[in-house]
Structure formats: C-alpha cells, structure tokens
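Chemist:
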Amino acid sequence: MPNASARPKHNRRTRRRRRADPARNELVSNSLESAQQCLFNQDYGTAFVHYLLVLNLAPMFKEFAKDSFRFTLFKWAEELDSVGRIQDLFDCYEQALELFPADEVILNSMGEHLFRMGFRDEAAGHFHKALKLRPDYPEARENFYRVANWLVERWHFLMLNDHRRNQKYQQAIQKAVQGGCSTVLDIGTGTGILGMCAKKAGAAEVYACELSKTMYELACEVVTANGMDGSIKILHMKSLDMEVPKDIPQRVSLVVTETVDAGLFGEGIIESLIHAWHHLLLPPQRGENEFGEQSTTGRVIPARATVFGMAVECLEIRRHHRLCVTEVGGLSMAAAGELQSPVSCSSEPDDSMEPYTTERLSRLPGGYKSLTEPFTALHIDFNNVQELEGLSSRKVQEIRLPVIRGGELDALAVWFQLHLDEESSLSTGPQEDTCWEQAIYPVHSTKGFVLKPRDELVVEVSCRDAYLRLCSVAVLRDGHKIHLDKRVDSIYPENPTSNPEAELCSALACLQTDQTKDLCMLECSEMALLNNHDYHQSFCSALAKLISQLKGRKREQGCVFQSDPTVPSQCSSLLYVLDVSEGFSLLSLIAASQGHVKAYSSVEKSKQQEVLNRLAHSSGISEQHLEFWLNHIEDEQGMLQRPSREDLWSAIILDCVETCGLIRQKLMEKASLARCLLEEGGRIFPERIVVYGKLVESDTLLLESAVQGQEPTLGFNIAPFINQFTVPVHVFLDFSTLECRHLSESVELFVLDLMETNANYTHREVKVQATTAGRITAIPFWYHIHLDSEISVSTLSHNSHWKQAAVVLQQPLEVRAGDWVRLAVKLHKSTISISAHLENTPGMQ
Ligand code: 44T
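Note that the working numbering gives residue 826 to position 470 of the sequence shown, counting from 1, and the numbers run on in steps of one.
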C-alpha cells in the first residue's frame, strides 16, 4: 500500500533547495492558493496534490491548513471510492499520514475505509491508534468497539481467567524446566503467559512467537510490565516461518503451546509441531530420562491428546443446519431444492465450507440428548513426529457405535483431553466446568434420521487438510445398512469398508438426482430464520392486511386489478413491495404471493435467487412479479430507488436487527429515506422497535469481558493490558441459558419509531426497581419488533434466529431489593450504551 515513489525524499538536493528561499516560497504560496481555489471549485484531486506539495515543502503550514487538508482528503477519498480506485485511495491516506502521523481523525477515517473494504484487522488497528491518541473521541471509540473482537478474540479473556488451566500449564512447564529443559519456545504466545511461566521456572532462554500483530504487541507490553523484557525474546511471526539460527540461536529443548481450537487441529498444531520437530526442537528423547541435567533432547507440552465424540439429538443445532419446516409464510418449501448450512465435513473441502462449528453443549437452549456413549475417535502423540506426519495419510477409520437412546440424529459432538504430561491433563468435555466449547459436526441427511436403541451408527474418522473430520455415514439396523449421506460415497470412492452393493446403490441414487444442482448454501442464521415460523407468519399477516387496505383504497380511486403487469392502466394496478433484508429472505415472495404485488428482493447470490425463482414458480407467482433489484443497481446511491420512477412503494421491509443482537448500522437513516419513497398509506415494516432490558448479576459475562485481576493469571500482571480491549456490549448471547441471577423485571429501555421521525430521541432515563439484592454486572437487551399496531415479533422468542446482546457495566452496582436504579440509555448511530446509577430515594440514609 505505501507508495514509496510519492514519498518526499530528504536528500541533499532538497536541502539545498530549502535554502533557495524566494523561489520555494513562491512555489509554496502559489500552490497554497491553487489548493484553496481547487477546493472551492470542488476539484478535490488537484487540491489534494497542491496541499501535499505545500505541506511537504513548508511543514510550518501544517497547523494552518490541517482542517482544509483533511476535508480535501475525505472528499477526494469519497470520489476515488465511488469509482473503485481503491489503491489510489489508500495511497492518499498513506501520504496524509506521513504528514500527520498522529492525526486521529485521519486514522479513524482510513480505518473506516479499510473496514468497508474487508481489511478488518488493519481497520481495527487504525481505530485503536486513533483512540490511543484521543481516548474521548466518540467516533473512533464506537468503531473500535465494533471491531475489537477481531483484534483480540473474546476467548483470550476466558482462557486467562481460567485459573485451573493456567495453573496446570504452569506446573507442567515448571516440572519440565526443572527436569532439564532449559531452552523453551512458546508457540502462539498470546499475552505471553506460558513463556513467562517458563522464565519464572528458571529456564535459561525463552523464546515466544505470535502471528497476530495485536497479540504480539500486547505480549511485548505484558512481558515488560512483568520485568522480563530482557529475558524473553518475542517474535512477531508464525512458528512455521522460524529458522535456526536466524530467529533463535539454537534448537530448544521444550516447546509449549496451546494452539488448539475446539476441534483440536483447527489452529494448525499438527503442521506447527511437524515443522518444530524438523527445525526448532532438539531430537526427541529415546530411552531413559536424564533428570537434573540440561536436556539434549526435545519435548512438547502438551505431550498427547485424546479426542472423543458422541452422537446427539439437539433441536437447537438442527434448526441452524437443516430445513425443519415444510411451509414458510404460506409458501410450500417442497420446490426449494436442498438447503444446507455451510458446515459439513462430507463435501469436498473448499473455502466456503467449514467442517465443524462450535457450541457449548451445556448452554444450548433446550439442551441435548446423547444417543451414544462417548467414544474415542483418535489418540495423538505430539512427541512422535512420524505419528504427526502419518496423520493425514491414516486410513479412514470406521467406528461402530451402539445406539443407547432413541432420537433424531442431529450431530456428532467432539471434545478432547489434552495430556500436558504423564500426570496432568485438561478436558474440554461438555460435562466439565470449563470455558471450552465443543466441536459440532452437524448431520445433513435430508429428512433427519431417527435412531433406535439396538441400531449401530457407523462413523468415519479421518484427517484431511489438517482438520479432523467425523462423518455419520450409515446406520446398521436389523442386518441392513442404511446410508445417511449419499454424497459421502462419492468422496471416498476407495473406501475399503463399504460393500460394493451399497456403493452401487448410492451411485445409482446419485445418478437419479444431481445432488449439487439444486443444493443451495445458507448461513446458519439464515437457516434458523427460515425455520422461524412465527417471524414469517407475522410478516405474512401484516403484509396481507396492508395490501388489502391499499387495494381497497385504490379500487375506490377507480383502479382495476389485473394480473398482467405489462397491460397499461390509468392508475397503477400493482402494489410495489421492497424487501431490503440482508442475506436470504423469503419476505419478497410472501408479499408477491398476496396477488397484484410486484416484489423486489435484495437477495444477491445467484444460487439463492434460483431458490426464490423455483419457489415463485411452484407457488404460481409469475416471473414478472419478482425482481432482484440489486442485479440492476451498481452503486449504493441507487438504493431504495425502484427502477420505475412514477410510482412509490406500498411497503418497504427493513432488516433492523443483526443476528448478534445489535441494531443494524444506519437503520434510522435508511428509515428516513424509505419514508420519503412511500405512497400514501404505504408502510415501513417494522413501524417501531421497542428495546427491553433487565438487570442481572452474571459472573460468566464478567469472565468473558475482562481479566479479573492478577489472581487468575498466576500473579502475572496481564489484566490492565488485555483489558484495553474490553468492549461494553457483548453480542451473540443466549439470554435463556446465560448463567445469571435476575435482579429486576424486564423494562422498556428505548423506542425507535421508523414511521415517525419526530418521535425519536437519543437519550432516555429509565427507572427500574431491583426485585432482588445483588450486584448488577450487566443489562441484557432484546427487541420487540412491531410490524404494525397489532403484530409484533420478539427477538427473545424461543425459536428466534436472533441472539441477544448485553451491556456489561464498567463497575458492578450493589443493590438491595426495592432499590431504584436509574439507567441512562443512549443511542448514537445505532449503538446502544447504558450506564446505571443508584437512585437516592427520599428517606434513604
Ligand atoms: N479458542 C478457544 C482457540 N498462533 C484457542 O494467533 C476456549 C474459543 C476458545 N502463533 C470459546 C472458548 C475457547 N505460530 O493468538 C493466537 C494465535 C497464535 C500462532 C504463531 C503459530 N503457528 C500459531 C498458531 C496460532 O496462537 C494464539 C493461540 S491459538 C489458541 C486458540 C477458551 N471459543
């Protein structure tokens, strides 16, 4: 991105020219004048070049011209953005930052561009810098909060707060170091905690590497604050790029790492350790141990892992991965083709597919039922490089599992035990008191398969492209083999365990229906949305009501409703409905199915458009009544503008709440725009959103939000550094299963009126009475989305596709039962913030 050629070169010649004052001064003053003139003429590109020249030649003008320069930069960047000259745009920002490296407004603005272009980490870095320069800069703060999760993922807080885990690692490291491992490498050091454990245990040399820039910088700060900056060498790199002696002087005797995810291998531990054994570690020990002396052999903590699996029935998982309904808002789904979540390990690996997702089974609403006993899926010895290398070429292992309980097969859940050494281990199991989630391998078999006791489930375990893959392939029942996922056989053609007859059958089945043709991928939240019956039913009723009202009104005006939209009539005999939902939505089709409605859908992906077309066809909706307006409109300015200009919209459907539980950005701006485009009597759906909340005491939320002092981190001073990345609003919560004590009733926090601008406000004070004594640590919030005065949808309903969000208070607030709490609720650019204060009730001491 940096444009080296455009940088001012401070060589001898420029210095000489600086002394030639009169000519230089003239150039500067002429350029400054030109810059101002061009700015006045709105020729921002030329103005920007003139300003660059002036400020590079005469830095003393920086203060004077700063505001105009910024304005020019932002205007010019907007123009470059609108014509897609992205590289030029970033070059301009780079040049501007060379002149004003500590300008928080430029940094924040560049962050916004980076964010929109999808460079999230870089964007987050810019917001963070802007905020460090000016901590009370609200724009940068809001932007930073939106992206902090990408810079420092929330699990860092959980892991650092997990004292038991930290202590077990510390003890294992201490034993190894005292047993002779004097040189240590911490792979994926995060905040540096394991490296510091090694140093504290007396290791002579400690190295640490970390690939995330933010985490690397954090680790440097933490290690310095703990007085170890000279004694731990931290490298900002991936361990796979490390070399001896370039990066570390010699091979080490101990590698410590916790680069494991819920599915064990997802952070690349196998590849990292194969590389470490070949390039960074002393050779492994053979035979007797040499305690007390410096080790000439290498070893790894953790030493081994065992992976477990279990088949489960779980409605919550099912509704996020499979279509569970036959009808949606009055439309039959029979013609939809196969809809599937992008989590599948049975298909060919590609970028859009994940082999597993993660969930904390113990926190799933509705719980789960285990259909088999836990089984051992895999053992792996991290100290055996041949075993690590052989993993991906291991034969697919077939495991037969007796079914112990009848139920629908929804997923295989997977967890592991990490053996740090021969004595100590950590488990990520669903029954453990652990911060870990389990890996979930959903089953996609078309209609859902009901297992019965005495069945045997056939599971295949393999390790391809460094991921562990588990597939439920078949069920053995009364001597028959029933295949669960037809695609599996085509993936493992050489599978030696399948019998030839069964293979032939599946091959024939594949011929009959081309399975990939009608397969459409939907995000898990989109799948849950389709399965949300109440949501679609509510929209269907509200749309039907409005459309019949508008038709009545138009008939009174003399309109004739005919079915062919191409036949001209004196007044518009069609009603126009625009659905601006994000992602996949059937609402346009539901509107079109009301008759005499031309609906515009925002669905962009062609596979998803095909699904809508198929459904339209099967529901008798003519092709002309469904339009994909994003196909025609290139730029955002065209947003909400219907191709034909004479008529206005009868209804505009806005997508108000993100799945994570936050109000969508720019919602109120979109609503204002939408209001201007409505015909008389037309409506925005929803017309109003009411935000509700509740006072709660939740330690879980605290643990996810900030490191709680030095105690959990073994006395190391880490909290103040990582807690800079604490965010006040937590998202993707499930309030129904959140471990917390409710300290009040639900209370209305805020109202957003989408139909009536004047009704809106940005601040509100709400008084709420504590019903129970406790410490208020958080205020979870959710929404009632009012489609009209009678019909509403709640984001808290049990089959909602929405999760909830919560404000975590900076300081917990102690309350007694009966105390009144004053909440100051603010809405700034779609972001809710809440502060809580104890109300001084009269008569109180
Ligand atoms: N998440 C756990 C996974 N790294 C832990 O950049 C458990 C998730 C989790 N650095 C809920 C709960 C939990 N070389 O900072 C990261 C990463 C870094 C490397 C250098 C390498 N080869 C690597 C590989 C990874 O290591 C750090 C830790 S990865 C651990 C992932 C509480 N959700």
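For each residue, glycine too, the CB sits at the ideal point set by N, CA and C. Model, not experiment: these values are computed from the prediction.
Please classify Y1255: does DSSP put it in a helix, a strand, or coil?
Modeler: The chain is shown from 357 up to 1201; residue 1255 falls before or after that span and cannot be answered.
Chemist: Terminal residues of the continuous beta strand (DSSP E) containing Q773?
Modeler: Within the sequence shown, numbered from 1, the residue matching residue 773 stands at position 417. Unbroken beta strand (DSSP E) run through Q773: 767 to 775.
Chemist: So what does DSSP say about I604, is it helix, strand or coil?
Modeler: Residue numbering aside, residue 604 sits at position 248 when the sequence shown is read from its first letter. Correct three-state label for I604: coil.
Chemist: Closer than 8 Å by C-beta to I1045: which residues in its own chain qualify, once you throw out the five before and the five after it? Chain order, please.
Modeler: On the sequence shown, residue 1045 is found 689 positions in, with the first residue counted as 1. Within the same chain, I1045 has close Cβ partners C1012, V1013, I1019, V1107, L1108, L1110, Y1139, H1140, I1141, H1142.
Chemist: Any heavy atom of the ligand 44T closer than 6 Å to the Cβ of W432?
Modeler: By one-based count along the sequence shown, residue 432 stands at place 76. No, the beta carbon of W432 sits no closer than 6 Å to any heavy atom of the ligand 44T.
Chemist: Determine, using beta carbons only, whether L1105 and V1181 come nearer to each other than 7 Å.
Modeler: Position 749 of the sequence shown holds residue 1105. Position 825 of the sequence shown holds residue 1181. Against a cut-off of 7 Å, the Cβ pair of V1181 and L1105 comes out as a contact.
Chemist: Rounded to the nearest angstrom, what separates P639 and G654 at their Cα positions?
Modeler: If you number the sequence shown from 1, residue 639 lands on position 283. If you number the sequence shown from 1, residue 654 lands on position 298. So the alpha carbons of these two residues sit roughly 5 Å apart.
Chemist: Which whole runs of the alpha helix (DSSP H) in the region 1145 to 1186 are 4 residues long or more, in chain order?
Modeler: You should have found no qualifying run.
Chemist: Would you say the beta carbon of L1105 comes nearer than 6 Å to a heavy atom of the ligand 44T?
Modeler: For the purposes of this step, residue 1105 is identified with residue 749 of the sequence shown, where counting begins at 1. For the ligand 44T, not one heavy atom lies less than 6 Å from the Cβ of L1105.
Chemist: Among S937, Y891, A948, which residue has its Cα nearest to the Cα of S904?
Modeler: In the sequence shown, the residue the question calls residue 904 occupies position 548. Looking at the Cα atoms, A948 is the closest of the given residues.
Chemist: Does the beta-carbon of L567, which I'm using as the reference point, lie nearer than 6 Å to any heavy atom of the ligand 44T?
Modeler: One-based indexing of the sequence shown puts residue 567 at position 211. Checking every heavy atom of the ligand 44T against the Cβ of L567, one is found closer than 6 Å.
Chemist: Can you check the region 568 to 638 for any alpha helix (DSSP H) of at least 4 residues that lies completely inside it and give the ranges in chain order?
Modeler: Runs of the alpha helix (DSSP H) inside the region 568 to 638: 569 to 581, 625 to 635.
Chemist: So E669 and K725 are in contact, right, with Cβ under 8 Å, and what is the actual spacing, rounded?
Modeler: Here the question's residue 669 lines up with position 313 in the sequence shown. Here the question's residue 725 lines up with position 369 in the sequence shown. Their Cβ separation, rounded to whole angstroms, is 4 Å, which keeps E669 and K725 in contact under 8 Å.
Chemist: How many Å lie between D766 and Y956 at the Cα?
Modeler: Looking up residue 766 in the sequence shown gives position 410. Looking up residue 956 in the sequence shown gives position 600. Approximately 35 Å, taken between the alpha carbons.
Chemist: On the criterion of 16 or more Cβ atoms from any shown chain inside 10 Å, does Y1117 qualify as buried, or is it exposed?
Modeler: Taking the first residue of the sequence shown as position 1, residue 1117 is located at position 761. Looking at its Cβ environment, which holds fewer than 16 other Cβ atoms inside 10 Å, Y1117 is exposed.
Chemist: Between the C-alpha atoms of S387 and S465, what's the straight-line distance to the nearest angstrom?
Modeler: Taking the first residue of the sequence shown as position 1, residue 387 is located at position 31. Taking the first residue of the sequence shown as position 1, residue 465 is located at position 109. Each residue's alpha carbon lies about 25 Å from the other.
Chemist: Give the range of the beta strand (DSSP E) segment to which H1140 is assigned.
Modeler: Stepping through the sequence shown from its first residue, residue 1140 is reached at position 784. It spans 1130 to 1142 - the beta strand (DSSP E) in which H1140 sits, taken as one unbroken run.
Chemist: Terminal residues of the continuous alpha helix (DSSP H) containing A661?
Modeler: The sequence position of residue 661 within the sequence shown is 305, counting from 1. From DSSP, A661 is part of no alpha helix (DSSP H) but of the beta strand (DSSP E) over 660 to 669.
Chemist: Closer than 8 Å is the cut-off here; do at least three beta carbon pairs connect the region 491 to 506 with the region 515 to 524?
Modeler: no
Chemist: Can you check whether the C-beta of S1153 is within less than 7 Å of a C-beta belonging to chain C?
Modeler: As a matter of chain content, chain C is missing from the structure shown, which is built from one protein chain.
Chemist: Shortest alpha-carbon distance to R719 belongs to which of I1147, F1091, S1191?
Modeler: Here residue 719 refers to the residue found at position 363 when the sequence shown is read from its first residue. Per the Cα distances, F1091.
Chemist: Between K594 and the ligand 44T, is there a pair consisting of the residue's CB and a ligand heavy atom that are separated by less than 6 Å?
Modeler: By 1-based counting over the sequence shown, the position of residue 594 is 238. The closest heavy atom of the ligand 44T lies less than 6 Å from the beta carbon of K594.
Chemist: Nearest CA to the CA of E1101: which residue from A1126, N1079, A1115, V1085?
Modeler: What you label residue 1101 is simply residue 745 of the sequence shown in a count that begins at 1. For E1101, the nearest C-alpha among the options comes from A1126.
Chemist: So, are the CB atoms of R328 and V806 less than 7 Å apart?
Modeler: This structure gives no information on residue 328, because the portion of the chain shown stretches from 357 to 1201.
Chemist: Distance check for G1130 and R1172, CA to CA, integer angstroms please.
Modeler: As a first step, residue 1172 is located in the sequence shown; it is residue number 816 there, counting from the start. As a first step, residue 1130 is located in the sequence shown; it is residue number 774 there, counting from the start. Computed Cα separation, rounded: 7 Å.
Chemist: Would you mind listing the alpha helix (DSSP H) stretches within the region 425 to 500 that are 4+ residues and don't spill past its ends, in chain order?
Modeler: 442 to 455, 460 to 472, 476 to 489
Chemist: Which partner residues of F404 appear in the DSSP bridge assignment?
Modeler: Start at 1 with the first residue of the sequence shown, and residue 404 comes out as number 48. Its beta-bridge partners do not exist; DSSP assigns none.
Chemist: Just to confirm the assignment, what range does the beta strand (DSSP E) spanning V540 have?
Modeler: The residue given as residue 540 occupies position 184 in the sequence shown. Segment 539 to 543, the beta strand (DSSP E) holding V540.
Chemist: With E566 and G546 assumed to form a contact (beta carbons below 8 Å), what rounded beta-carbon distance in angstroms separates them?
Modeler: As a first step, residue 566 is located in the sequence shown; it is residue number 210 there, counting from the start. As a first step, residue 546 is located in the sequence shown; it is residue number 190 there, counting from the start. Going by Cβ atoms, the distance from E566 to G546 rounds to 7 Å, so yes, they are a contact pair.
Chemist: If you count every other CB in all the chains shown that lies within 10 Å of the CB of R369, and 16 or more means buried, which is it?
Modeler: To locate residue 369, count along the sequence shown from 1; it is residue 13. Confidence in R369 is poor, its pLDDT being 43 and thus under 50, which makes the residue's placement too unreliable to answer from.
Chemist: Cα separation between L1183 and E495?
Modeler: For the purposes of this step, residue 1183 is identified with residue 827 of the sequence shown, where counting begins at 1. For the purposes of this step, residue 495 is identified with residue 139 of the sequence shown, where counting begins at 1. Their Cα atoms are separated by approximately 13 Å.
Chemist: Any heavy atom of the ligand 44T closer than 6 Å to the CB of S438?
Modeler: Walking along the sequence shown from the start, residue 438 turns up at place 82. Checking the Cβ of S438 against the ligand 44T gives no.
Chemist: Counting beta carbon pairs with one atom in the region 378 to 387 and one in the region 418 to 438, are three or more of them shorter than 8 Å?
Modeler: no
Chemist: Can you list the alpha helix (DSSP H) stretches of 4 or more residues lying completely in the region 712 to 761, in chain order?
Modeler: Runs found: 741 to 746.
Chemist: Rounded to a whole number of angstroms, what is the C-alpha to C-alpha distance between A532 and I625?
Modeler: Here residue 532 refers to the residue found at position 176 of the sequence shown. Here residue 625 refers to the residue found at position 269 of the sequence shown. C-alpha separation (whole angstroms): 20 Å.
Chemist: Helix, strand or coil: how does DSSP classify R1076 here?
Modeler: By 1-based counting over the sequence shown, the position of residue 1076 is 720. Inspection of the sequence shows that residue 1076 is occupied by Pro rather than by Arg. Note: P1076 maps to helix in three-state DSSP.
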